[in-house]
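For the record, the sequence lines run as chains E and L.
Take 917 as the starting number for the first sequence in the numbering used here and just add one per residue.
Take 917 as the starting number for the second sequence in the numbering used here and just add one per residue.
Taking it in order: structure first as structure tokens, then the write-up.
There are 2 protein chains.
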Amino acid sequence: MAKKMEKITSRDTDFSQWYTDVVKNSGLIDYGPVKGTMIFKPYGYAIWENIQKILDAEFKKLNVSNVYFPLLIPASLFNREKEHVEGFAPELATVTKVGDKILGEELYIRPTSEVLIVDHFAKEVKSYRDLPLIYNQWTSVMRWEKTTRPFLRSSEFLWQEGHTIHESEQEARAMTLNILEVYKKFASEVLMLPVISGRKTEREKFAGAKETYTIESLMYDGQSLQAGTSHYFGDNFSKAFNIKFQNMNQQEEYGYTTSWGVSTRLIGAIIMTHSDDQGLVLPAKIAPIQVQIININESTEVLEASQQLQAKLADDFRVAIDKSDKSFGFKIADAEIKGIPIRIEIGPRDLEKQQVTVSRRDIRSKTQVNISEVEKYVHEQIQAYDQNIYQQALTNRQQRTFSANTVAEYMALLDKKQGLVLVPFCGRITCEQEVKEKTQTNSRCIPDDVVQEKAKCFNCQQESKLKVYFARAY
Amino acid sequence: MAKKMEKITSRDTDFSQWYTDVVKNSGLIDYGPVKGTMIFKPYGYAIWENIQKILDAEFKKLNVSNVYFPLLIPASLFNREKEHVEGFAPELATVTKVGDKILGEELYIRPTSEVLIVDHFAKEVKSYRDLPLIYNQWTSVMRWEKTTRPFLRSSEFLWQEGHTIHESEQEARAMTLNILEVYKKFASEVLMLPVISGRKTEREKFAGAKETYTIESLMYDGQSLQAGTSHYFGDNFSKAFNIKFQNMNQQEEYGYTTSWGVSTRLIGAIIMTHSDDQGLVLPAKIAPIQVQIININESTEVLEASQQLQAKLADDFRVAIDKSDKSFGFKIADAEIKGIPIRIEIGPRDLEKQQVTVSRRDIRSKTQVNISEVEKYVHEQIQAYDQNIYQQALTNRQQRTFSANTVAEYMALLDKKQGLVLVPFCGRITCEQEVKEKTQTNSRCIPDDVVQEKAKCFNCQQESKLKVYFARAY
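In structure tokens form, the structure reads like this:
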């Protein structure tokens, strides 16, 4: 029964090795032949497809239109927004030739599509009548990495990138925050991640942005993970790309832009938050299989009962019967390692009593349930399952949320137990640079639900303007 | 009213210019900054999204799993299947550096993912228990082009590529043909393209394939367009990549592979088959907007009536109200140029009689319909619309399908009227090469529904083994 599980290191012993073991053994991915790349196998990609489907429907409620912009960006175009270039230059995969022919201009594989889309906006936008443009694309992007950590760091990753342009600062700011809200709701209600949200500090905001908002998620080991960001650019890009429009009063004005994205990092966050030593524990709404039926033997009555049960549950759930010729024990372990929320075992003795055995992956329960009540029971349990994994993550976060008033206190806390530490902070880039050098950590966000009291900066002792979470992060 | 339409050249005057005008003025695409690339604007991308959604559901009925493989292929891996390399070498966009650092090995942007996926199969497949693997991915690929023709020729295009491996020749052959059938059904029942299907000749089959099957679609101007292909590789790739598995009798055997794909060329085919001098005519099932409501004025009663009508139709159709501040005439022209199947005009005088005016884009009809009957009427008319555009395309194909017994006859026919010409053909590569040089045309397919009679090859006069369609093609 423990055939596959043997391979998984305990997460309390070596969290990093545990992560690698779970990702590999659950069949989510494989490594690609180019260093830093990964292959999304069917089970891994199906999670991303479910994320796409749910999130895309939310975007469409905000009048987002999907588009597709080319993969390659001419070097000259990319270099037009200075901060933006500097942020990405060392990571740019560069096409210099086609066949044997050297190209006249180097082309970058998109690390993000800001400049392409903003350049297009400059052509499209003439009048306030053309605004807003609210675009999104689901693509892959490339930012070269020396090491691979599946879903967390890879040279190529999948994501969505939204890019919008508006006629007023107010409208653009509202867009930025509406998307942050979509991300927060999606993280907490679909992925069952109790994220915190807020603004990034000056040092941590996106290259070229006026403000960056973030949702941050605390992993099981107490390190933080940035799970989604939404940027307000003001007219920075509009000025660099000369996007002017005629407003209602027939005056020329620069447009206001935003961009926002989440990536396959979300899958990393799910794994590092909910999963355990038996393998994955997947939130029910994005689990490729929500209910796995396992037959104890191959008798006609068992097979028929499992098919009937599948048919009955298939309207409301993604249900599969394990039809492999593996042993019963192997099938159980496989359903566990794959993080399938509900498992139903059907055997002849149970059937005599008109029963099946239902197990929940999170609490590894086993309950005899009358066949006539399975549907209702699965509905209840799958909800309870999601609530429980959310609550566990929330409890972990609460137990790992601290506050400190000095860098010494901050470091002493992190030495004892990783987590989010709320500190008074002056907000200056140079000061945060100092903290980074001293502690190898940085700020995660300025939370939107914490009152900013007068105090002294935990590092420089100048007047503190902000309460900020600092933490170790992925 | 003709504001936008002025820009469209008549398709009978200059088909090529007409195509460019329609594509550009209907807001489907724009050109990207790198030569040979295109931007899918919201209206163009929405068509592709609808194609994806319907086709993906059909694939899933055949147990196809979606995956994602990396963008970049190491040169050494790509060079492993010789015919395959030769087919693509001059078109390969090549990454040689990252930032300032020259890479140790050149990396190709995928022109197709055969070698990546087959290389992965070699790692995954150990036993017949691991088979079949039935993978598909929706991605972009790159094959460098000197000229751009939107949807038809571009350096980067969007497509799906299916790749499968099976334990027997029989199963792999069945897969190849099942997919051909999916493509044929999708083309004829969703895109309303009366395609013909068949096998490619030796010269025209895919690099590395044993057999290539195709659906061919005849455009309005009589040129043919390859709209989808399905390849049977036998064990060619398995031998090149050493994919062996242990069969049921515990013997080692090579796997049998297939691949198959359709691309955004399908959108080109739709346009060149159905559209007219007023702009697009989109098949209803993939039209981003199926019913456009246009208000004759902005009075409260008109606005309310249009909202009520939208709500009523929205369960079954994609319905939009044109809320722009453009003139009524402009809105009509815009709905026409965008190829929206059904247009409903609502005005105060009609409302007094409890009526609205319903127009069909294909026949440009105008019918007064009682409001209580609009739903039923739209259902009927949208079906009739699809049937009519299919029938028009079929009639065009039938009027452009000829047969010839010699190259001279063949050329005389094409000089008079472009179309598909059925000829007796020996099937030899060198002979087809000769025909290509003489006529600048090549074979389209060996149709599966034509009896092959004994005759002499239309070019070399050797014994003919096949009846083959030749044509000018996109």
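Quick reminder that beta carbons are idealized off the backbone N, C-alpha and C, glycines included.
| said: Considering Cα atoms alone, identify which of L:T1216, L:L1382, L:G1020 is closest to E1348 (chain L). | reply: Closest in alpha carbon position to E1348 (chain L), among L:T1216, L:L1382, L:G1020, is L:L1382.
| Collapsed DSSP secondary structure at R964 (chain E) in the structure displayed | The question names Arg, yet the displayed sequence has Trp at residue 964 (chain E). Helix, per DSSP.
| message | Helix, strand or coil, according to DSSP, for Y1390 (chain L) in the structure here? | response | Coil at Y1390 (chain L), not helix or strand.
| said: For V1367 (chain E), count the other beta carbons within 10 Å of its own beta carbon; 16 or more makes it buried, fewer makes it exposed. Which is it? | reply: Burial call: exposed.
| query | Going by the CB atoms, is the gap between H1079 (chain E) and S1175 (chain E) shorter than 8 Å? | reply | yes
| task | Taking 8 Å as the threshold, find out whether the segment 1297-1311 of chain E comes into contact with the segment 1246-1253 of chain E through three or more Cβ pairs. | result | no
| said: Just to confirm before moving on: does the CB-CB distance between V1057 (chain L) and F1067 (chain L) stay below 8 Å? | reply: no
| When we look at the beta-carbon of D930 (chain E) and count the other beta-carbons within 10 Å, is it buried (16 or more) or exposed? | exposed
| query | So I963 (chain L) and I1183 (chain L) are in contact, right, with Cβ under 8 Å, and what is the actual spacing, rounded? | reply | Cβ-Cβ separation between I963 (chain L) and I1183 (chain L): approximately 6 Å, consistent with a contact (criterion under 8 Å).
| query | Taking all protein chains shown into account, do 16 or more other C-beta atoms lie within 10 angstroms of the C-beta of E1252 (chain E), making it buried, or fewer, making it exposed? | reply | buried
| Where do the N-terminal and C-terminal ends of the beta strand (DSSP E) with S1146 (chain E) fall, by residue? | 1140-1150
| Cβ of Q862 (chain E) within 8 Å of Cβ of N1094 (chain E)? | Outside the displayed range of chain E (917 to 1390) lies residue 862 (chain E), so it cannot be described from this structure.
| message | Closest to Y959 (chain L) by C-alpha separation, out of L:G952, L:I945, L:P949, L:I967, would be which residue? | response | Comparing Cα positions, the closest option is L:I945.
| field | Contact under 8 Å by Cβ, W1060 (chain L) with E997 (chain L) | value | no
| task | Decide yes or no for the touch test of the segment 1120-1128 of chain E against the segment 1152-1171 of chain E: beta carbon pairs closer than 8 Å, at least 3 of them. | result | yes
| query | What residues from the segment 921-952 of chain E come within 8 Å of chain L, judged by C-beta to C-beta, listed N to C? | reply | Of all residues in the segment 921-952 of chain E, only D946, G948, P949, V950 place a beta-carbon less than 8 Å from a beta-carbon of chain L.
| said: At the level of alpha carbons, what is the spacing between I1279 (chain E) and Q1223 (chain E)? | reply: 26 Å
| task | State the start and end residues of the unbroken beta strand (DSSP E) segment that holds Q1271 (chain E). | result | 1271-1276
| Contact set between the segment 974-993 of chain L and chain E, restricted to residues whose Cβ is under 8 Å from the partner | S981, N982, V983, Y984, F985, P986, L987, L988, I989, P990, L993
| Should M954 (chain E) be listed as close to the ligand NAP, given that the test is whether its C-beta is under 7 Å from any heavy atom? | Ligands are entirely absent from the displayed structure, and the ligand NAP is therefore not among its contents.
| Interface partners of S1056 (chain E) on chain L, CB under 7 Å | L987
| said: Considering only their Cβ atoms, is the gap separating A1320 (chain E) from V1351 (chain E) smaller than 8 Å? | reply: no
| message | What residue range does the beta strand (DSSP E) around A1236 (chain L) cover? | response | 1235-1237 is the span of the beta strand (DSSP E), which, as asked, contains A1236 (chain L).
| field | Residue closest to T1410 (chain E), alpha-carbon to alpha-carbon, out of E:T1355, E:T1063, E:I1262 | value | As displayed, chain E neither begins before 917 nor continues past 1390, which places residue 1410 (chain E) out of reach and without an answer.
| Using DSSP with H/G/I as helix, E/B as strand and the rest coil, what is C1373 (chain E)? | coil
| request: Give the C-beta separation of A870 (chain E) and S1380 (chain E) to the nearest angstrom, bearing in mind that I take them to be a contact with Cβ-Cβ under 8 Å. | output: Outside the displayed range of chain E (917 to 1390) lies residue 870 (chain E), so it cannot be described from this structure.
| field | CA nearest to the CA of A1230 (chain L), picked from L:E1291, L:A991, L:I1081, L:K1201 | value | L:E1291
| query | Would K1332 (chain L) pass as a contact of G1138 (chain L) if the rule is Cβ separation under 8 Å? | reply | no
| message | DSSP three-state label for E1379 (chain L), please. | response | DSSP places E1379 (chain L) in strand when its eight states are reduced to three.
| DSSP three-state assignment for M921 (chain E), whether helix, strand or coil | Residue confidence is low: M921 (chain E) scores 46 on pLDDT, short of 50, so the model does not pin down where it sits. Its coordinate-derived value is still stated next. Here M921 (chain E) sits in helix by DSSP.
| Just by C-beta distance, which residues in the segment 1090-1116 of chain E are closer than 7 Å to chain L? | none
| field | Segment limits, alpha helix (DSSP H) that includes L1338 (chain L) | value | L1338 (chain L) -> not in any alpha helix (DSSP H); beta strand (DSSP E) instead, spanning 1336-1341.
| Is the Cβ of V1014 (chain E) closer than 8 Å to any Cβ of chain L? | yes
| Span of the beta strand (DSSP E), counted from its first residue to its last, around R1115 (chain L) | Start and end: 1112-1115.
| Closer than 8 Å, Cβ to any Cβ of chain E: which residues of the segment 1225-1259 of chain L, in chain order? | The segment 1225-1259 of chain L vs chain E, Cβ under 8 Å: S1240, D1241.
| task | Express the C-alpha separation of Y1136 (chain E) and G943 (chain E) in angstroms, rounding to a whole number. | result | 21 Å
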